[in-house]
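Notes for the one structure printed next.
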Amino acid sequence: MKIRVAIVEDDKNYSQALKNIIDFQENMECVAQFFNGKNALQKLEATEPDVVLMDIQLQDSSGIDIVYKLTELMPRTTFVMCTTFENDEKIFSALRAGASGYLVKGDPLDKIIQAILEAHKGDAPMSFGIAKRVLKHFQESKAPVEPLPLLTVTEKQILELVAQGLLHKEIADKKNVAVDTIKKHIGNIYRKLQVNNKIEAINKFNHKN
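Residue numbers (UniProt numbering): 1 to 209.
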C-alpha cells in the first residue's frame, strides 16, 4: 500500500515539485494539494493522508495553527513542517503544536522523500541545521535528571548521528552496516530511554549527560 501524502503549501511551483517527486516514487502518492489554510482546514481530514507536508507561513493563516487544530482530529496522520523558517520560536512552536518533523525547503528533494518514509515509520525527521538547534536547546537546559540507562558505545554513537539529523540509511552507510541493524539499535535506545521518538531520545539523553 502506498504512503498517502498531502501538501499544504502556497508556493505553487514548490508544491508541484514536491508532488512530482512524490508521485514518481513507487511506494507513495500525493493525494491532495492545498494552497491556503482555509481549504486545508476544511478538506484535509477527508483526504486521509498518512503524512502531511505543511508550510508554516501560508498567505491566510499559520501552518502551526493548522497542525494544532488538526492533530486531534487526525491522530493517524503525521505532520511534518516544510518551510524556510529556521528560528527557534518557529521550530519549537511547531513541535509543541504536534508536528513530528521539521524540514527546510533548501533540503534536496530526495532528502524530503527519505524524511516522508521516516515520518511514516514513526520517526521524527529534521534537517541537519534544525537538529543542531534542537540539540543545543536541550544541552543548555538545566533540568534535574535521573541516572541514565546504560547505552553501549555503539548506541551512543548512533544517537549522536540521529541528533545530527541523519536518516537511518545515512547512519547505516556511515557505520557500514545494514539499515535493519540501525533500526534495531534505535529500537534498543528508545526502550532503554523509555521514549517513543527521536526528539524525546535526544532530549532525555542530553538532560542526563
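Quick reminder that beta carbons are idealized off the backbone N, C-alpha and C, glycines included.
Identity of the residue in the options nearest residue i by Cα
i, options, result
"S117", "K19, N27, I21 and A17", "Sequence inspection shows Leu at residue 117; the Ser mentioned does not correspond to that position. Checked all of K19, N27, I21 and A17; the closest Cα to L117 is N27."
"A163", "S127, F34 and K111", "S127"
"V134", "K2, I202, K38 and S100", "I202"
"I199", "G98, D50 and A172", "G98"
"V67", "D23, L44 and F205", "L44"
"A6", "L151, H120 and N176", "H120"
"D123", "D50, S100 and N39", "S100"
"T152", "K192, A172 and K169", "K192"
"E86", "P108, F79 and Q57", "Q57"
"S93", "K111, D107, D65 and L109", "D65"
"S15", "F35, A131 and K111", "F35"
"L95", "N20, D11, M54 and I189", "M54"
Euclidean distance between Cα positions of residue i and residue j
i, j, result
"I186", "K69", "31 Å"
"V52", "T71", "11 Å"
"M81", "Y102", "5 Å"
"F205", "P125", "18 Å"
"S62", "K175", "40 Å"
"K2", "I91", "29 Å"
"N13", "A46", "24 Å"
"G129", "T181", "26 Å"
"V8", "N197", "24 Å"
"Y190", "L166", "17 Å"
"T84", "D107", "10 Å"
Span of the alpha helix (DSSP H), counted from its first residue to its last, around residue i
i, result
"R4", "Looking at the DSSP string, R4 is not in any alpha helix (DSSP H); the run it does join, the beta strand (DSSP E), is I3 to V8."
"F24", "K12 to F24"
"L70", "G63 to L70"
Residue range of the unbroken beta strand (DSSP E) whose run includes residue i
i, result
"F85", "Careful: F85 lies outside any beta strand (DSSP E) and carries neither H nor E."
"Q33", "M28 to F34"
"L53", "V51 to M54"
| query | Do the region 22 to 39 and the region 70 to 81 touch if we need at least three Cβ pairs shorter than 8 Å? | reply | no
| task | Spell out a yes or no on whether the region 100 to 120 and the region 150 to 162 are touching, meaning 3 or more CB-CB pairs, one atom from each, closer than 8 Å. | result | no
| message | Please give the ranges of any beta strand (DSSP E) in the region 99 to 125, keeping only runs that are unbroken, at least 3 residues long and fully inside the region. | response | 101 to 104
| query | What runs of the alpha helix (DSSP H), each 4 residues or longer, lie entirely inside the UniProt domain "HTH luxR-type" (144 to 209)? | reply | Entirely contained in the UniProt domain "HTH luxR-type" (144 to 209), the alpha helix (DSSP H) runs reaching 4 residues are, in chain order, 153 to 163, 168 to 175, 179 to 193 and 198 to 207.
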